[in-house]
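Peer 1: Quick one: the structure is below, and I'll ask about it shortly.
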C-alpha cells in the first residue's frame, strides 16, 4: 500500500452505500438475503470516494457471504461528533474469538469459505479495508459472536 495516495473530497456516503448494495445485490438475491439501509440523508464525509466504495463493497460482500440463507445484512450511517460512523451488520455465522484477534493482520491462508461453500476470497480484503480507512484518518473495528453474526464499523471525517 505504500505510495497509495488518498484524494479526499466531500461526498454523500449514503450514495456510496447504495452503490455497494447494488454491486452485491445479485449475491444477496441468490441467498434470499434482505438488505436494510438505515442512514440519515446527506451524510457528507471528507474522504476518497473510490477508496470508501471499495471498503463498502468488500464489507457488504463479506456480510452477504457469511450470512445464512434468508438472513439479513444491514448498513447504517450516522454523524457522531465530527465524524460519520458506518456500520455493516449481518446475522450470519460469526467469527471465532481466536480468529478475531488476527483478522486485520496480513496472513497467508487467512481466507475461509462462506455459508454456501463457494464464497471464497484471498483473505486479504479486510486488511486492505483497514489500511484504506486508516489512510482516510478513520478507524475500522469488528465485533462478532459465533452463531449470531458480525458487526463491522468504521469512521470517516465529516465534511460538515
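Residue numbers (the working numbering): 14 to 173.
Virtual Cβ for every residue (Gly too), placed ideally from N, Cα, C.
Quick check on residue 153 - is its C-beta less than 9 Å from some C-beta in chain B?
Peer 2: You won't find chain B in this structure, because it holds only one protein chain.
Peer 1: Look up residue 90 in the DSSP assignment and say whether it is helix, strand or coil.
Peer 2: Residue 90: strand per DSSP, three-state reduction.
Peer 1: Among 65, 45, 28, 144, which has the Cα closest to the Cα of residue 54?
Peer 2: The residue with the shortest Cα to Cα distance from residue 54 is 28.
Peer 1: Who are the near neighbours of residue 143 in its chain, counting only those whose CB is closer than 7 Å to its CB and skipping five residues on each side?
Peer 2: Excluding sequence neighbours, residue 143 sits near 117, 153.
Peer 1: Do residue 37 and residue 73 come within 9 Å of each other at the CB atom, strictly closer than that value?
Peer 2: Contact flag set, yes.
Peer 1: Can you tell me the Cβ-Cβ gap for residue 49 and residue 100, rounded? I've got them flagged as a contact below 8 Å.
Peer 2: Not really, about 11 Å apart at Cβ, beyond 8 Å.
Peer 1: Between the alpha carbons of residue 18 and residue 63, how many angstroms are there, rounded?
Peer 2: Those two C-alpha atoms are separated by around 11 Å.
Peer 1: Secondary structure at residue 46, three-state DSSP: helix, strand or coil?
Peer 2: Reduced to three states, the DSSP call for residue 46 is coil.
Peer 1: For a quick check, are the C-beta atoms of residue 67 and residue 145 less than 9 Å apart?
Peer 2: Yes, the pair counts as a contact, with Cβ atoms nearer than the cut-off.
Peer 1: If residue 30 and residue 69 are in contact, beta carbons under 8 Å, what's the gap, nearest whole angstrom?
Peer 2: Indeed, because the Cβ distance is near 6 Å, the residues count as touching under 8 Å.
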